[in-house]
Amino acid sequence: MKLFIDSANLDEIRDAASWGTISGVTTNPTLLAKDNHGDVQKVIQEIAGLVPNGPISVEVVSEDAKGMIEEGVKFSKWAENIAVKVPMTKEGMKAVRYFTDNGIDTNVTLVFSANQALLAAAAGATFISSFVGRVDDIGFDGMGIIEEVANIIGIHAMDSQVLAASIRHPLHVTQAATAGADIATIPYKVLQQMYLHPLTEKGVAAFKADWDKLQSGMLAV
Ligand code: G3P
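Sequential numbering from 9 applies to the sequence shown in this note's numbering.
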């Protein structure tokens, strides 16, 4: 499973990209607004430079296919590695079909059911963002949808990649990997948490302490 970072914060993305474990970036209007990015093109182009080999998802905000297509074509010219993020609506799928037929990668977002994922795959979506946390937040099984969608895509050998989105904690990442997601897009804070385990920290300290003793000749012969 590939790991993307779900962020529009340049410092977070720069740091995460330095770890050698991130394969892409997803943004959305809320993330862009959170970091008060007035010049979206500028920040997206900076992000595309920080993760040059990975897809950078940029979301359209028009409600009709014509507007989405105009936005997406514009986004696709900002960098080589742009994926146009499109909401799971009828107008959105019309736009995804256009992008598919014109060689522009897409990330269909705000997917909350297997049938919505099927429609996105039928339109040729490159990535299907099935939201986990927001489903859990209302008391239903967000990860169960990931498993369902991954099974359907696999059974029918469909080309779309299943992207687990709306990740809330490290266990969601583990569960997404075991549920068969191709990608998880993860907030910076959760990415950092994934590295941590008390036994690792304890083991590193113990190895260092014993090495230092060895260097100083303190170990009993
Ligand atoms: O960016 C798409 C998705 O990961 C955002 O989910 O629930 O954190 O807003 P959420």
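Glycine included, C-beta positions come from ideal geometry on N, C-alpha and C.
Pick from the options that is closest to residue i, judged by C-alpha positions
i	options	result
F107	A125, G75 and Q124	G75
A16	W27, K10, M9 and N44	N44
D72	M101, G62 and F135	M101
G201	V69, S138, N89 and T182	The sequence shown places Gln at residue 201, rather than the Gly named in the question. The residue with the shortest Cα to Cα distance from Q201 is T182.
D167	A185, D113 and S224	D113
L179	A128, P195 and H164	P195
S26	A213, G57 and G211	G57
L7	V212, K42, R176 and T208	As shown, the chain starts at 9 and ends at 229. That puts residue 7 outside it, with no answer to give.
A189	V157, E78, P206 and L118	V157
E79	N61, A103, T97 and G62	A103
Range of the contiguous beta strand (DSSP E) that encloses residue i
i	result
G32	G32 to T34
F139	F135 to F139
S65	I64 to E67
K93	I90 to P95
F12	K10 to D14
K17	Note that residue 17 corresponds to Asn in the displayed sequence, not to Lys. First-last for N17: undefined, no H or E at that position.
N44	From DSSP, N44 is part of no beta strand (DSSP E); its letter is neither H nor E.
V170	Q169 to A173
Residue i - containing alpha helix (DSSP H), residue span
i	result
T208	P206 to S224
A103	K98 to D109
V181	P178 to A187
Test item: CB-CB of residue i and residue j under 8 angstroms
i	j	result
N115	L171	yes
V92	F83	yes
L18	E67	no
I191	Q169	yes
I64	N89	yes
M151	A128	no
R105	A87	no
S31	K50	no
T29	F12	no
Contacts around residue i, its chain only, beta-carbon distance under 6 angstroms, and the 5 residues preceding and following it disregarded
i	result
A173	S137, F139 and T193
Close-in-space but distant-in-sequence residues of the same chain around residue i (CB under 7 angstroms, 5 per side omitted)
i	result
E99	E71, D72, A73 and M76
L126	I160
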